[in-house]
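Under my numbering, think of the first position of the sequence shown as 1256, with each following residue one higher. Have a look at the structure below, then the notes.
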Amino acid sequence: MAHDHSIHAHAGHSHGTDSKRRLGWALALTVGFMVAEVVGGILSGSLALLADAGHMLTDAAALALAWVAIRIAERPYDARRTYGYHRAQILAAFVNGVTLLVIVAWIAYEAVHRLLMPVAIEGGLMLSVAVIGLLVNCAAFLLLHGGDRENLNLRGAAVHVMGDLLGSLAAIIAAIVILATGWTPIDPMLSILVSLLVLRSAWFVIRRTTHILLEGAPDQIDTPRLKEMIATAIPEVRDIHHVHAWSLTPDRPLMTLHAVIDDGADDSQVLRRIKELLGSEFGVGHATIQIERRGCADECVDSALETGEPHPHYH
């Protein structure tokens, strides 16, 4: 059996440092403007501004959570966390996605209430605050969007900020319409539209993080194709079975498999060639491979467990 320890290397430290820096600046921008937007929304009576401020409030928590998750993920592995703490970022992304669903539901509820019971809106103040908010959100979004594209934690935070960006844009459009026509229903209607756009992105983050947390196979790994490629490239391999693939994070795929090889084959050479193929064709840098020659050892164990008889190797 071979075990690749590269998963414990300090690879990705530069990505983590860059992500922390980007999250820190985005958090500062978000918190700095959130107070002004809350005040502007209350004074103007705009639901679009208050909805955007609500986004920014949760964004501040989401960005802080994402930042803390990166710090936790940098901790080295130990006896109880043998793969380290990389999954902390996936958990943070999942929490952020679920939080967005709650926000979308709240905005939809408030929008329907405003449509049924319209309120007066100060279009001028609403427009001024929304324009500043758009600039702040654009800056925060560009910071996060320019980071590691495969980092779901960073992507989840970016979705939060994108929701605010769209909210500010909707508030600007609503303010212009209100100033030009006095038609206030445009405010809650655009809020619903923004919520639907945010909902789509939030669902993507939740779906991806749930797949990883449930140990789903990485997208690039097709088990039948993998078996066929190994058999073609390495004639000494007679069979590949018990293939299991999952991910710590989207850029850290893991795999275990059993390989039945010819009696005269060199174990070390076969292991090296299988690992090279897994790395070059499927991006798997960490694989645990069990070499077998006459049947699968797990089948003997399974048979003993089913019959209740002790396996001879246990004595």
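Heads up, the beta-carbon is just placed ideally off N, CA and C, and yes, glycines get one too. Because the structure is a prediction, the values reported are computed rather than measured.
Cβ-Cβ distance between residue i and residue j below 8 angstroms
i            : j            : result
residue 1365 : residue 1300 : no
residue 1360 : residue 1460 : no
residue 1576 : residue 1537 : Not covered by the structure: residue 1576. The range shown for the chain is 1256 to 1570.
residue 1491 : residue 1516 : yes
residue 1412 : residue 1351 : yes
residue 1424 : residue 1452 : no
residue 1339 : residue 1330 : yes
residue 1489 : residue 1522 : no
residue 1391 : residue 1284 : yes
residue 1344 : residue 1363 : no
residue 1532 : residue 1467 : no
Residue i to residue j span [Cα, whole Å]
i            : j            : result
residue 1525 : residue 1543 : 13 angstroms
residue 1290 : residue 1315 : 11 angstroms
residue 1317 : residue 1496 : 42 angstroms
residue 1342 : residue 1503 : 6 angstroms
residue 1328 : residue 1553 : 34 angstroms
residue 1427 : residue 1454 : 21 angstroms
residue 1275 : residue 1519 : 52 angstroms
residue 1487 : residue 1357 : 51 angstroms
residue 1435 : residue 1294 : 23 angstroms
residue 1473 : residue 1437 : 52 angstroms
residue 1494 : residue 1319 : 48 angstroms
residue 1549 : residue 1512 : 16 angstroms
residue 1410 : residue 1527 : 35 angstroms
residue 1477 : residue 1367 : 46 angstroms
residue 1529 : residue 1498 : 13 angstroms
residue 1448 : residue 1458 : 16 angstroms
residue 1551 : residue 1462 : 35 angstroms
Chain-order list of residues whose beta-carbon lies under 7 angstroms from that of residue i (same chain, five-residue window excluded)
i            : result
residue 1373 : 1439 and 1440
residue 1576 : One cannot answer for residue 1576 here, as it falls past the ends of the chain, which runs 1256 to 1570.
residue 1430 : 1378, 1381, 1382 and 1385
residue 1558 : With a pLDDT of 49 at residue 1558, under the threshold of 50, the modelled position of that residue is not reliable, and the figure given next carries that caveat. For residue 1558, where only same-chain residues beyond five positions count, there are no Cβ hits under 7 angstroms.
residue 1470 : 1501
residue 1534 : 1540
residue 1481 : 1498 and 1537
Min CB distance residue i to chain B below 8 angstroms
i            : result
residue 1514 : Here chain B cannot be found, since the structure has a single protein chain.
Per-residue burial, residue i [other beta carbons within 10 Å of its own, 16 or more giving buried]
i            : result
residue 1508 : buried
residue 1505 : buried
residue 1464 : buried
residue 1475 : exposed
residue 1292 : buried
residue 1278 : buried
residue 1479 : exposed
residue 1296 : buried
residue 1500 : buried
residue 1514 : buried
residue 1450 : buried
residue 1446 : buried
residue 1355 : buried
residue 1371 : exposed
8 angstroms Cβ shell around residue i - same chain, five flanking residues per side excluded
i            : result
residue 1375 : 1300 and 1439
residue 1298 : 1377 and 1380
residue 1400 : 1413
Sequence-distant residues of its chain with Cβ nearer than 6 angstroms to residue i (five each side left out)
i            : result
residue 1321 : 1278, 1347, 1408 and 1412
residue 1510 : 1500, 1539 and 1542
residue 1336 : none
residue 1272 : none
Check your understanding: Using 8 angstroms as the threshold, is the region 1389-1396 in touch with the region 1415-1435, meaning 3 or more CB pairs across them?
Key -> yes
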